[in-house]
Amino acid sequence: MQRILVTAAVLLVSVNLSIAFAGDIDALHKRGAAGSRSTRTNLFDRTGKRVGSSRTVGNRTTYYDRTGRVTGFRRGTDRRATFSDRSGRTIQRSRTSGNRTSYYDRTGRSTGYSRAQGKRTTYYNRNGQRTGRSRSSSGRTTFYDRSGRTSGWSSGRK
1219 MQRILVTAAV LLVSVNLSIA FAGDIDALHK RGAAGSRSTR TNLFDRTGKR
1269 VGSSRTVGNR TTYYDRTGRV TGFRRGTDRR ATFSDRSGRT IQRSRTSGNR
1319 TSYYDRTGRS TGYSRAQGKR TTYYNRNGQR TGRSRSSSGR TTFYDRSGRT
1369 SGWSSGRK
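Each residue of the sequence shown is one higher than the one before, counting from 1219 in the working numbering.
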């Protein structure tokens, strides 16, 4: 799971973001995956510094670094998604069944999973060890590392 989540972080901004912060990419953008509506999300580190953003139109999410440069893409539905780098090379896939989202590397090997309960999501590596969690409230998602410290947050708008 660490590899898949760190890869997801690269799509957003940098490898320095925590596993919990990076892990919620899939869930973060499900809200804007329907129809032709556009959803924009800004991502912040624990100090409040803006570190990246994303824009979702239909079933495609584009990730940007803090300077506005494209860093990667997510394509798919609420059930299945593919993440690719800026050049279009597939990096990871996710599949959701019920409240569980499983993550796979480009070879199809499982790297971890997450479980959602209401507005809370917990992330695990492939050995079942908890790596982080997130909680959503009033349009803001806060991410926590495995020790419970805030690692960042996101704020979105239509």
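Heads up, the beta-carbon is just placed ideally off N, CA and C, and yes, glycines get one too.
Asked, Found
"Tell me the residue span of the beta strand (DSSP E) that contains Asp1385.", "No answer is possible for residue 1385: it lies beyond the span of the chain, which begins at 1219 and ends at 1376."
"Going by the beta-carbon positions, is the gap between Ser1352 and Thr1359 smaller than 8 Å?", "yes"
"State the DSSP-derived secondary structure class of Ser1320, mapped to helix, strand or coil.", "strand"
"Determine whether the beta carbon atoms of Ser1272 and Thr1279 lie at a separation below 8 Å.", "yes"
"Short of 6 Å in beta carbon distance, which residues of its chain neighbour Ser1373, apart from the five on each side in sequence? Order them along the chain.", "Asn1260, Arg1358"
"In chain order, what residues of the same chain lie with their CB nearer than 7 Å to the CB of Ser1356, ignoring the 5 residues before and after it?", "none"
"Thinking C-alpha only, which one of Thr1285, Asn1317, Ser1302, Ser1305 is nearest Thr1339?", "Asn1317"
"Is Arg1258 closer than 8 Å to Arg1375 when the C-beta atoms are compared?", "yes"
"Contact defined as beta carbons within less than 8 Å: I believe Arg1364 pairs with Gly1350. What is the distance between those atoms, to the nearest angstrom?", "6 Å"
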